[in-house]
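Residue numbers (the numbering used here): 8 to 107. By construction, the Cβ of each residue, glycine as well, lies at the ideal position given by its N, Cα and C atoms. Keep in mind it's a predicted model, so treat the numbers as computed, not measured.
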Amino acid sequence: MEEPTIMEIKDNTFSRQFETFYEGKLVSLEYSFQEKKIFLTRINVPDQFNDEEFICDLLKNIMAIAYERKLKVVPILPKIAAFFRKNTIYRDLLPPGIKI
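Okay, structure coming up:
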């Protein structure tokens, strides 16, 4: 599997979202915490955005953050569940009992 493009991601704890920029425009992934789990709840992208590879790289970078912080990841969005199905190496980040 190819390595993700490393991107600068800001954890905006006040807004509860990870933030990065795509062609100068903000892309964010909203989250919430419960115990040692992070629930990925919403992806916000600019109008006419359709770069799925960028979103995949963003998610890979966020998985690295989850490993670093020893968090389990709960994918709320179908798009994020699909990411886990496609990228099986991240399945150990799923909490027990979550099947994708």
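The beta strand (DSSP E) that contains residue i, what's its start and end?
i	result
F25	Q24 to Y29
Y38	K32 to Q41
N19	K17 to N19
K79	K79 to P82
Residue range of the alpha helix (DSSP H) that residue i falls in?
i	result
F90	P85 to K93
Quick one: grab the DSSP three-state call for residue i.
i	result
K67	helix
R49	strand
D99	helix
I62	helix
I105	coil
I13	coil
Please look up how many angstroms separate the CB atoms of residue i and residue j, rounded, as I've assumed it's under 8 Å.
i	j	result
I13	N68	7 Å
L78	I50	With 8 Å as the limit, L78 and I50 do not qualify as a contact, their Cβ atoms being about 18 Å apart.
S35	E26	5 Å
A73	L101	Not quite, the Cβ-Cβ distance comes to about 10 Å (not below 8 Å), so this is no contact.
T48	E59	Actually they are not in contact, since the Cβ atoms of T48 and E59 sit about 19 Å apart, beyond 8 Å.
Per DSSP, what are the beta-bridge partners of residue i in this structure?
i	result
K44	Q41 and K79
Three or more C-beta pairs below 8 Å linking the region 73 to 84 and the region 52 to 65: Contact between the region 73 to 84 and the region 52 to 65 is absent, because fewer than three Cβ pairs lie under 8 Å.
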